[in-house]
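Here's the structure we're looking at; comments come further down.
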Amino acid sequence: MKAVTLRKLLLLPLMAALLFGPVGLMPADRASAAGTTYYVDAAAGSDTNGGTSTDNPWKSLAKVNSVVFDPGDRILLKAGSVWNDTYLDLKGSGVEGSPIVVDRYGTGPKPLINFGNTAVGGEGFGVRLKNVSYWEINNLEITSGQYATDMRRSGILVVGEGAGAGAFKHIYIKGNDIHDVFGTDRRTGGINFHARGGGTDPESTWDDVLIEDNTVINVADTGIQVMTDAFANTSWAHKFDAFTRLIIRGNYVEKIHRDGILVRASVSPLIEYNTTNEIGVSCDVNTSVVNYLDNIGFVAAQWAYYTTGAVFQHNEAFNTRVLQGDGQAWDFDIKVSDSIYQYNFSHHNEGGALLVMDSTNNNIFRYNISQNDYDAFGTFHLRPGGGNLYIYNNVIYRDNGITSALTNSSTSGMAYYSNNIFYNAAGGTYKNSSFVKYNHNLFYGANSNVPNDPGKVVADPQFLNGGGASGIDTASAYKLAEGSPAINSGAVVGGNGSIDFFGNPLYSGAPDIGVYEAPGTGGPPAALFEDNFEDGAADGWATVGGSWSIGTEESLAFAQNGLYGEAIAYTGEASWTDYTLEADVKVKKLGGNGGILFRYQDANNFYMFRLNDTGSTADLYKKTGGSLQMLASVPVTVNPNQVYRLKATVQGASITGSVDGTDLISWTGSGAELASGKIGLRVHSGMASFDNVRVTE
7 MKAVTLRKLL LLPLMAALLF GPVGLMPADR ASAAGTTYYV DAAAGSDTNG GTSTDNPWKS
67 LAKVNSVVFD PGDRILLKAG SVWNDTYLDL KGSGVEGSPI VVDRYGTGPK PLINFGNTAV
127 GGEGFGVRLK NVSYWEINNL EITSGQYATD MRRSGILVVG EGAGAGAFKH IYIKGNDIHD
187 VFGTDRRTGG INFHARGGGT DPESTWDDVL IEDNTVINVA DTGIQVMTDA FANTSWAHKF
247 DAFTRLIIRG NYVEKIHRDG ILVRASVSPL IEYNTTNEIG VSCDVNTSVV NYLDNIGFVA
307 AQWAYYTTGA VFQHNEAFNT RVLQGDGQAW DFDIKVSDSI YQYNFSHHNE GGALLVMDST
367 NNNIFRYNIS QNDYDAFGTF HLRPGGGNLY IYNNVIYRDN GITSALTNSS TSGMAYYSNN
427 IFYNAAGGTY KNSSFVKYNH NLFYGANSNV PNDPGKVVAD PQFLNGGGAS GIDTASAYKL
487 AEGSPAINSG AVVGGNGSID FFGNPLYSGA PDIGVYEAPG TGGPPAALFE DNFEDGAADG
547 WATVGGSWSI GTEESLAFAQ NGLYGEAIAY TGEASWTDYT LEADVKVKKL GGNGGILFRY
607 QDANNFYMFR LNDTGSTADL YKKTGGSLQM LASVPVTVNP NQVYRLKATV QGASITGSVD
667 GTDLISWTGS GAELASGKIG LRVHSGMASF DNVRVTE
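Letter by letter, the sequence shown follows residues 7 to 703 in my numbering.
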């Protein structure tokens, strides 16, 4: 068994405030007093004992099941105890601040519950919490052994069903080892939360759920999951919010017949520091009785469904299989929106790194590493009907001979690839379509001449040990060597999460490409000015002529939409002298133009470096006293509605102009005129948009 490495960065959520008592339960006994500790010893106990001390413990789990427990009670199972062909079916509810706790006492192995082929209502489980709140289940070992007859089975089952259904709170499942549990449908497996019912049954929801530090190994069907029957019950309302304040953290999940970790119907769940290995594999069980387990078609390692605001971070996924399809490490599945995968590491997953299904929108995939995922469907598999997707500052490394596409697109929403490193020592091409936008990516190896990428870098990124990471804890192999061409070569991305894969702050000088933000020592100075317009405003900008507004392009941008005359927008300090001005420029009209202004004094006195679609040229101009003079012009491809990165550097009387990182114009004048000035944007008789404006000394 692989050891679990845990790194805890976030606090546990606050406990919820509502109280829930038992509903419709008719046990034989009642717990004697709130806040009582009960002891259970399979070897030395007796059910005729009082059970309230280590000297007179109960013996059987049946005795525990006969009691309705009160807030603050603790049920402690003796370490090393073994219970066969039995289970825990727990009753009663705690309250806020006083949950009911199941844990172990003494030294030795975790207490083992082998529930075998036992069942309640045709369903087997090691531990069940039904229609209750404020429980914590800790430090148990649970198995059903090699039983694989046709029955639903779960290691730990948390269910809301029937008359007691409602808004349940505070269920914590921590430090349990679950293995060799074989159920017969997708609602079974290791740790399962399930809102059940149909027709007019009351609907269940949960708030404040923590699933932490568990191991789930050799299980059918799913490792860890939360589920509601609202998807099949039109009278139920909680298809998107059956689970709130859900955290799944630090779990190790291995050899799972279907999905590893599956989150459904959740609001802002946090899934972090988990490891999944061998997802979508045949379990180790007598194959003569489990043919029904082999009819699974689609699996993924860690994913969400009908969920908003999910964050999957610091997870590792490897050895996920392709069956009939899928097989990815990560998945924005149907009806997932405003969610993020970040700081994750995937390797050797047969289906690639990421699947994106239809009816998704505004999802982000950033600062992740994919090392030799087999990419049966491409590193990024985007199904038709998906919405906007933002993929930036990732590393895609392959040297394993796979030749499927490295990028992909949907047929409705846009896929924005920015600041990614594609290390392609195997094969495969890059998708180009009207639904794909590239910006400042680094390409190395096969098929590196990717068109339509302003600011792209084609060079060896100079990883410290590319391909050499054995897991997420050795991902430092993908840091950049000093002098890497990826350093200071990226584009500014708003709302970027503030840190890189390794916890370094963003940015140190100009943005770096990839998952590593190198220290700023020796890099460029901090910006004198920058604006990416992501706040939806153009504060500090003044205009002369034209029709200027914030519009949506690849992202929010400053657009000029007037068709006639000179249109100028300007900002900055009149005292600026020597500096570099950069901006993303898109000419939006056939035969149009758009450019950047520097040493701008007023509308009659400035330098301009522009793109001109008429004749496809890059032009350097000087305007003094209202007279416009061309200083230099070179041919360059200019396509309407394509983004180009323009840069002008002015030092004394010398000016250098570049497009997409290639210097095209160098000019030196007398220096007698236009010695200082602001910056600006200019269009004449056409439409253009501008973004990611940056000024450095």
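Beta carbons: idealized from backbone N, C-alpha and C, even for Gly.
First through last residue of the beta strand (DSSP E) which encompasses residue i
| i | result |
| --- | --- |
| residue 624 | 623-630 |
| residue 573 | 572-577 |
| residue 198 | 195-201 |
| residue 521 | Segment: none, residue 521 is in no beta strand (DSSP E) and carries neither H nor E. |
| residue 428 | 427-430 |
| residue 641 | 633-641 |
| residue 309 | 304-311 |
| residue 697 | 694-702 |
| residue 662 | 660-665 |
| residue 97 | 94-98 |
| residue 559 | Premise fails: residue 559 is in no beta strand (DSSP E) and is neither H nor E. |
| residue 161 | 158-166 |
| residue 353 | 351-353 |
| residue 672 | 668-674 |
| residue 325 | 322-326 |
Residues near residue i by beta carbon distance below 6 Å, same chain, minus five either side
| i | result |
| --- | --- |
| residue 185 | 149, 223, 224 |
| residue 612 | 603, 606, 629 |
| residue 178 | 142, 216 |
| residue 173 | 211 |
| residue 397 | 371, 423 |
| residue 655 | 586, 662 |
| residue 337 | 306, 309, 361 |
| residue 10 | Confidence in residue 10 is poor, its pLDDT being 38 and thus under 50, which makes the residue's placement unreliable; the coordinate value appears in the next sentence. The residues are 258. |
| residue 108 | 81, 143 |
Burial state of residue i (16 or more Cβ within 10 Å)
| i | result |
| --- | --- |
| residue 501 | exposed |
| residue 636 | exposed |
| residue 633 | exposed |
| residue 93 | buried |
| residue 322 | buried |
| residue 543 | exposed |
| residue 88 | exposed |
| residue 545 | exposed |
| residue 456 | buried |
| residue 657 | exposed |
| residue 360 | buried |
| residue 610 | exposed |
| residue 79 | buried |
| residue 643 | exposed |
| residue 307 | buried |
| residue 115 | exposed |
| residue 332 | buried |
Inter-residue CB distance, residue i and residue j (contact presumed, cutoff 8 Å)
| i | j | result |
| --- | --- | --- |
| residue 259 | residue 267 | 6 Å |
| residue 350 | residue 319 | 7 Å |
| residue 535 | residue 578 | 6 Å |
| residue 469 | residue 448 | About 11 Å separates the two Cβ atoms, so there is no contact after all. |
| residue 285 | residue 262 | 5 Å |
| residue 567 | residue 555 | 7 Å |
| residue 600 | residue 694 | 3 Å |
| residue 443 | residue 411 | No, residue 443 and residue 411 are not in contact; Cβ-Cβ is about 16 Å, not under 8 Å. |
Beta-bridge pairing of residue i - partner residues as DSSP gives them
| i | result |
| --- | --- |
| residue 212 | 174, 249 |
| residue 602 | 615, 687 |
| residue 317 | 276, 346 |
| residue 188 | 226 |
| residue 511 | 505 |
| residue 89 | 119 |
| residue 144 | 180 |
| residue 369 | 395 |
| residue 64 | 46 |
Contacts around residue i, its chain only, beta-carbon distance under 7 Å, and the 5 residues preceding and following it disregarded
| i | result |
| --- | --- |
| residue 122 | 90, 91, 150, 151, 153 |
| residue 324 | 283, 352, 353, 354, 355 |
| residue 38 | No answer about residue 38 holds up, because its pLDDT of 48 lies below 50 and its placement is not dependable. |
| residue 22 | The predicted position of residue 22 is uncertain, since its pLDDT is 33 and thus under 50; a value taken from the coordinates is nonetheless stated next. Hits under 7 Å: 102, 175, 176, 213, 214. |
| residue 549 | 574, 575 |
Segment limits, alpha helix (DSSP H) that includes residue i
| i | result |
| --- | --- |
| residue 68 | 67-71 |
Cβ-based neighbour list, residue i, same chain, cut-off 8 Å, excluding 5 preceding and 5 following
| i | result |
| --- | --- |
| residue 407 | 432, 433 |
| residue 311 | 268, 269, 270, 271, 339, 340, 341, 342 |
| residue 204 | 235, 238, 239 |
| residue 690 | 571, 572, 573, 599 |
| residue 553 | 566, 567, 568, 573 |
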